[in-house]
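Working notes for the structure below.
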Amino acid sequence: MSVVRTAKAAGRPNWLVFDKLGVLIGVIAAAGVMLPFALFRANRIVAGEGRGLAEALPSVVSAVLIGALVIGFMGALFRVAPSVKLVAGVLALIGLAISIGWSARYLTPPEDTLARVSPAGGFWLLVLAFALLVADALIRLRPGPWLRITALVTVGVAVALLLWSGTWDDLSILREYANRAPAFWQEARAHLVLAFGSVAMAAFVGVPIGVLCHKLQAFRTVVLNGLNIVQTIPSIALFGLLIAPLAWVAANVPGAAALGISGIGTAPAMVALFAYSLLPLVSNTVVGLQAVPASAVDAAKGMGMSGSQRFFGIELPLAFPVILTGIRIVLVQNIGLATIAALIGGGGFGVFVFQGIGQTAMDLVLLGTVPTVALSFAAAVVLDALVELSSVRRRR
Amino acid sequence: MKVGSIFRLLALVLLIALLLRPETFAGLFALFAGPRQPPIYNQGSLLELTLNHLAIVGAAILASTLVAVGLGVLVTRPIGAEFLPLSRALAQVGQTFPPVAVLAIAVPVLGFGTAPTFVALFLYGLLPIFENTLAGLTNLPPKVTDAAKGMGMTGWQRLLSVDLPLALPVILAGVRLSTVISLGTATIGSTVAARTLGEVIIAGLLSANTAFVLQGGLIVGLLAVLIHDGFSALERLVLARNGQAGAAAG
Chain P
1 MSVVRTAKAA GRPNWLVFDK LGVLIGVIAA AGVMLPFALF RANRIVAGEG
51 RGLAEALPSV VSAVLIGALV IGFMGALFRV APSVKLVAGV LALIGLAISI
101 GWSARYLTPP EDTLARVSPA GGFWLLVLAF ALLVADALIR LRPGPWLRIT
151 ALVTVGVAVA LLLWSGTWDD LSILREYANR APAFWQEARA HLVLAFGSVA
201 MAAFVGVPIG VLCHKLQAFR TVVLNGLNIV QTIPSIALFG LLIAPLAWVA
251 ANVPGAAALG ISGIGTAPAM VALFAYSLLP LVSNTVVGLQ AVPASAVDAA
301 KGMGMSGSQR FFGIELPLAF PVILTGIRIV LVQNIGLATI AALIGGGGFG
351 VFVFQGIGQT AMDLVLLGTV PTVALSFAAA VVLDALVELS SVRRRR
Chain A
1 MKVGSIFRLL ALVLLIALLL RPETFAGLFA LFAGPRQPPI YNQGSLLELT
51 LNHLAIVGAA ILASTLVAVG LGVLVTRPIG AEFLPLSRAL AQVGQTFPPV
101 AVLAIAVPVL GFGTAPTFVA LFLYGLLPIF ENTLAGLTNL PPKVTDAAKG
151 MGMTGWQRLL SVDLPLALPV ILAGVRLSTV ISLGTATIGS TVAARTLGEV
201 IIAGLLSANT AFVLQGGLIV GLLAVLIHDG FSALERLVLA RNGQAGAAAG
């Protein structure tokens, strides 16, 4: 990670040298300012017409926004300290977040419940540009795991505040939400149950299998080859293939139907997600256990620890960060895959995505997509931090 | 390994038979179809769908290989070093987007059909290839790179005749991973009307005909296993040619 310090050209101070990434961010941001900022549609299906920055906002607000964008722009372009870049980028993003809600209120004619205002290409490009700036500054600051979690929580609280205050209420995606708030929370619960439930089940089964694979060479080859094949089955096919056997179980095993097992719905989705999670968990457990240094095991033997004491006291704790990495991989993967469960009636945010595709209603698609992406991003940040925490403790 | 290769050969024969003479298996698939349902997919040719599927995946992976290797080379040169940490983080964030979401967002811009599927597969293919290119180019044996420098080779010469050939097996492993993932993901493209094998599976889901789902899934699975093996063999070949055979793993 060598950040190349270009030599001070012609005696200029260090900060006056252009930042290469800053130039890229500047180009993206400039394109964003040129393109329409918000998209106005007479109703949710028709094609929209773009509104530029100047017409999408009252002139005072657009002046303030442009001020914030210029600060972000300067922060990106010059070689200032990463913390300054971070503040500049965050300011620009806050300005964008507030003004898109304002724009929606401003553009929607009063008493018009059909008109839709959504962010347009220009807004997204501006967000991308300054998100790049913030991301780059954050990476250069190298925050520790706790700081990263704190930053995530802060962003979450900020978004919750914006939602609660009603700043975004006139945006098209929240209009869709307002029309189906109870369904949204029901599908959210289904999505969480599918993603987290399948990972929890896979962890309970996969880690012991991984331990067995570590101990028995022959077993390892068979299990890992078998699980590799499961991974090659496309997700929608695996969901579909489980319908028949589970319908059979529901019909023929007493009590199964009472437990909620049936051919369509949550059960096949859960089993499919579980099957996909096994390979990364088993193989990470094996890799983690194999990487335990022999000297540590020998030392434990020398201290007279029994087999199970060695395993639970030495080997498993040492392998834990690698196993946790496996859990991170499958959790992020399953939060995404759970959207497909909607195809077989398993619920989750995918319901909105597929309904939206069917009705060509983009806002509805976004209502399903945005929470899914936010959820998997948050899961990735938190678990990465946990992995780092657990491996730091190991090194001490 | 012997038993393995017999197994692969059987898989290849099964795949070809399934594509050219699907009706041979009607009896088998009838076990999974309902009494009045057709056991073999009858709304199009399986062979044509398979070729289309492979074409979309192939084009997308080719594009992601070019872009990802290009970026990987760029950020490991001094001129692009500033972009290295950010590009790595971006590729990882990109992976948290579910494929369905990418498809759904691409549809309004690109319309229904092949284009949004291509974009989703392209974006999804980038990360594994990019990560492996970085791993390959940053873990070169210092002795070799020093020798190349000592011989007075220029940056370009070192890149083309030393660095890239040595990193090739690792890059190929990334391409293999991306291809296998894309083969499965392409089926989701049929939810936005791309002509892939997902059509067979979705037709099965819609008419509650497990035989269709099984056929689509089986063909995709066989393709994935065979392509996976093909790439692995290619990797071993390159390793052997580079004289890195000792380093061969997995």
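Heads up: the sequence lines are chains P and A, in that order. Residue numbers for the first sequence follow full-length UniProt numbering, so the first one is 1 and each next one is one higher. Residue numbers for the second sequence follow full-length UniProt numbering, so the first one is 1 and each next one is one higher. All C-beta atoms in this analysis are idealised placements derived from N, C-alpha and C, irrespective of residue type, glycine included.
Cut-off 7 Å between Cβ atoms - residues of its own chain near L132 (chain P), not counting five sequence neighbours on either side: I25
Run down chain P in chain order and give the residues with a C-beta less than 7 Å from the C-beta of V170 (chain A). What V170 (chain A) touches in chain P: nothing, since even the nearest Cβ is about 17 Å away.
Count the other CB atoms, across all protein chains shown, that sit within 10 Å of the CB of I233 (chain P); report buried if there are 16 or more and exposed otherwise. buried
For G189 (chain A), collect the residues of the same chain with a Cβ closer than 8 Å to its Cβ; drop the 5 residues on either side in sequence, then sort them by chain order. I56, L103, T114, P116, T117, A120, L121, T196 and G198
Counting only C-beta atoms, is A89 (chain A) closer than 7 Å to chain P at any point? yes
Residue environment, Q359 (chain P), which counts as buried when at least 16 other CB atoms sit within 10 Å: exposed
Distance CB(A30 (chain A))-CB(P39 (chain A)) smaller than 7 Å: yes
So what's P119 (chain P) in DSSP terms, helix, strand or just coil? strand
Give the list of continuous alpha helix (DSSP H) stretches no shorter than 4 residues that lie fully inside the segment 366-390 of chain P. none
Between the segment 117-149 of chain P and chain A, which residues of the former have a C-beta closer than 8 Å to a C-beta of the latter? L132, A135, D136, I139 and R140
Rounded straight-line distance, which links the Cα of R142 (chain P) to that of G246 (chain A): Residue confidence is low: G246 (chain A) scores 49 on pLDDT, short of 50, so the model does not pin down where it sits. Its coordinate-derived value is still stated next. Straight-line Cα distance between these residues: approximately 37 Å.
Starting from the Cα of residue 398 (chain P), find the closest Cα among P:A135, P:G95, P:V87 and P:L39 and give me that residue. The question about residue 398 (chain P) has no answer, for chain P in this structure spans 1 to 396.
Comparing alpha-carbon positions, which option in P:V87, P:V253, P:L77 and P:G122 lies nearest F37 (chain P)? P:G122
For the alpha helix (DSSP H) containing R176 (chain A), list its first residue and its last residue. L164 to T185
Nearest-angstrom Cα separation, counted from F83 (chain A) out to Q231 (chain P): 33 Å
Against F312 (chain P), what residues of chain A qualify as contacts under a CB-to-CB distance less than 8 Å, listed in chain order? Those within 8 Å of F312 (chain P) in chain A number zero; the least Cβ separation is about 29 Å.
Which chain P residues are close to I188 (chain A), counting only those with a beta carbon under 8 Å from its beta carbon? P234, S235, I236 and I340
The alpha helix (DSSP H) with A299 (chain P) in it runs from where to where? A294 to G302
Please say whether A115 (chain P) and N334 (chain P) have beta carbons closer to each other than 7 Å? no
Quick one: Cα of L172 (chain A) to Cα of I129 (chain A), how far? 8 Å
Out of A:A63, A:L239, A:S87 and A:I16, point me to the one whose CA is closest to G72 (chain A)'s CA. A:S87
Proximity of L274 (chain P) and A202 (chain P) at Cβ, strictly below 7 Å: The sequence as given places Phe at residue 274 (chain P); Leu does not occur at that position. Their beta carbons are under 7 Å apart, which means F274 (chain P) touches A202 (chain P) by this criterion.
Which residues in the same chain have their Cβ closer than 6 Å to the Cβ of L279 (chain P), if we skip the five residues on either side of it in sequence? L227 and Q231
Just to confirm before moving on: does the CB-CB distance between F204 (chain P) and V117 (chain P) stay below 7 Å? no
Please decide whether A244 (chain P) counts as near chain A, where near means a Cβ-Cβ distance under 7 Å. yes
Members of the segment 211-223 of chain A near chain P, C-beta cut-off 7 Å: V213, L214, G216, G217, V220 and G221
Should R189 (chain P) be labelled buried (16 or more other beta-carbon atoms within 10 Å of its own) or exposed? exposed
Any C-beta of chain A sitting closer than 7 Å to the C-beta of L21 (chain P)? yes
Buried versus exposed, by CB contacts within 10 Å (16 or more), E111 (chain P): exposed
Is there a Cβ from chain A that is less than 7 Å from the Cβ of E388 (chain P)? no
For V84 (chain P) and V134 (chain P), which I take to be in contact (beta-carbon distance under 8 Å), what is that distance rounded to the nearest angstrom? The pair is not a contact, with the Cβ atoms about 12 Å apart (cut-off 8 Å).
Using a 10 Å radius around the Cβ and a threshold of 16 neighbouring Cβ atoms, would you call G221 (chain A) buried or exposed? buried
Considering only residues of the segment 92-119 of chain P, which uninterrupted beta strand (DSSP E) runs meet the minimum length of 3 residues and lie entirely inside it, listed in chain order? 116-119
When DSSP builds the beta bridges, which residues end up paired with R41 (chain P)? P:R116
Confirm, please, whether the CB-CB distance from I149 (chain P) to P85 (chain A) is below 7 Å. no
Taking the C-alpha atoms as reference points, what is the distance between S277 (chain P) and E235 (chain A)? 27 Å
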